[in-house]
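Below: the structure, in structure tokens.
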Amino acid sequence: MHSAVEKEQPAAAHAQAEPTAAFLRACKGLPASHTPIWLMRQAGRYMAEYRAIRAQYSMLETVHTPELAAEITLQPVRTFGFDAAIIFSDILPPLASMGLELDFVRGEGPVIYNPLTTTRDIDMLATPPAEAGMSGTLGAIKLVAAELAPKNIPLIGFAGAPFTLASYAVEGGSSKQFAKVKALMYSEPAAWKRLMTKLVTVQADYLLKQAQAGAAALQVFDSWVGQALGKLDYQRFVAPYNRMLFAMLKRAGVPVIHFSMGTSSYIEDVAACGGDVMGVDWRMPLDWTWAQIGYDRPIQGNLDPVALLAPWRELKHQVDDLLARAGGRPGHIFNVGQGILPTTPLDNVRRLVSYIQERTA
Ligand code: 1CP
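Residues in the sequence shown are numbered consecutively from 25, following the numbering used here.
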């Protein structure tokens, strides 16, 4: 049942060697009271409470105001009883602290008005400490951790992986073909190295400070590597920097989830870069992916977020299939394979969370 919300725990519960929260136990591959569940983008437009706040404040105002970010983080946890919270923020605001002019344009998504076009732009990028540009998120983490620690609900901090962030910084926003960022990568290898190293420096510092502020786990989002790069490019142009990042995060003292999308053709290379838990998308069956990664490594995923738009009969079929593929092994964290959609019916989320928590108890 909902043991994660019922047990009273001391504030530093997540720092213990043997945690009691189901989510943290699964992150360590330990047997848990039930299969823990949280959903990427669990705070967002499918919730009326979120839309009400966003009607009054811009995306960046909500991210940089600790009280607003904390409230948005807590909304889905209160409503659905998830086994973990994820701090409300985005992967892109740290780029603003490096000197990129970021905005979230309604209906269009993220935009960077001064994308990197020359090697000089790369050399001009600043590498400030997280307190300089991300103090709002660090403050929000403190507020949420204080609220959730007595309920033994872990809070996840996060950041973008270097390639995924470089794609926005060079393309100036979302991309389908990643032509500009790949052209830079192929034609200016020395500048590429400087860019990726700066991104690793800033993200590692930011993630370590999120753990210090009270995040009980960290997730690194490498959303676009799989869409942009084949195995050989991943090995040459991305893996060295991801390895550096995950090595630096060992000092955090909390579990680190390494999430990527579209990487099933080279998931073993992705896994080799590090991360205690591998977050995977829905394109390959969970049992196949888990076997590639190794069953001794915890796994997070991998329901198709679009399945949450289906009637319960179909959703239940996909959920039962996924649980069967997880085979009741310790170290499975139930999640979607990418952020849930704004059109997701609340009832499906409610039903999914209680079904997972009750069926696997
Ligand atoms: O209100 C709105 O319309 C803003 C929509 C929105 C939201 C709710 C954006 C803009 N970001 C977020 C929050 C967000 N983004 C979280 C919050 C915590 C949670 O509840 O999960 C997280 C973890 C992210 C991470 C993120 N942002 C990723 C990685 C995960 C993924 O979905 O692959 C990426 C790629 C982004 C960039 C981004 N920010 C926002 C949008 C619409 C996008 C994607 C744009 C694109 O497709 O390129």
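Ideal Cβ positions, reconstructed from N, Cα and C, are used throughout, including at glycine. Remember, it's a predicted structure, so these values are computed and weren't measured experimentally.
- Query: When every heavy atom of ligand 1 is checked, does at least one fall within less than 7 Å of the C-beta of Arg65?
  - Reply: yes
- Item | Boundaries of the beta strand (DSSP E) in which Met302 is found, first to last residue | 301-303
- Message: Among the candidates Asp311, Ala228, Gly197, whose CA atom is the shortest distance from the CA of Glu132?
- Response: Gly197
- Message: For the pair the stretch 289-298 and the stretch 328-337, tell me if three or more CB-CB distances fall below 8 Å.
- Response: no
- Message: Bridge partners for Ile180 per DSSP, in chain order?
- Response: Ile110, Ala241
- Query: Under the three-state reduction of DSSP, which class applies to Asn359: helix, strand or coil?
  - Reply: strand
- Specify whether the stretch 71-87 and the stretch 265-277 touch according to this definition: at least 3 beta carbon pairs, one from each stretch, less than 8 Å apart. no
- Message: Under 7 Å: does the beta carbon of Phe202 sit that close to some heavy atom of ligand 1?
- Response: no
- Item | Nearest to Ala348 (by Cα), restricted to the options Ile380, Trp248, Leu333, Ser113 | Ile380
- Query: Taking all protein chains shown into account, do 16 or more other C-beta atoms lie within 10 angstroms of the C-beta of Asp107, making it buried, or fewer, making it exposed?
  - Reply: buried
- Under 7 Å from any heavy atom of ligand 1, does the C-beta of Pro369 make it? no
- Identify whether Phe104 lies in helix, strand or coil by the three-state DSSP scheme. helix
- Item | Cα-Cα separation between Asn138 and Gly303, rounded to whole angstroms | 32 Å
- Message: For a test of the three-state rule: what should DSSP assign to His282, helix, strand or coil?
- Response: strand
- Task: Taking only the alpha-carbon atoms, compute the straight-line gap between Ile136 and Gly184 and give it to the nearest angstrom.
- Result: 16 Å
- Could you spell out the range, first to last residue, of the beta strand (DSSP E) harbouring Asn326? 323-327
- What's the C-alpha gap between Pro152 and Leu231? 13 Å
- Message: Among Gly361, Lys222, Thr384, whose alpha-carbon lies nearest the alpha-carbon of Gly351?
- Response: Thr384
- Message: Using a 10 Å radius around the Cβ and a threshold of 16 neighbouring Cβ atoms, would you call Pro174 buried or exposed?
- Response: exposed
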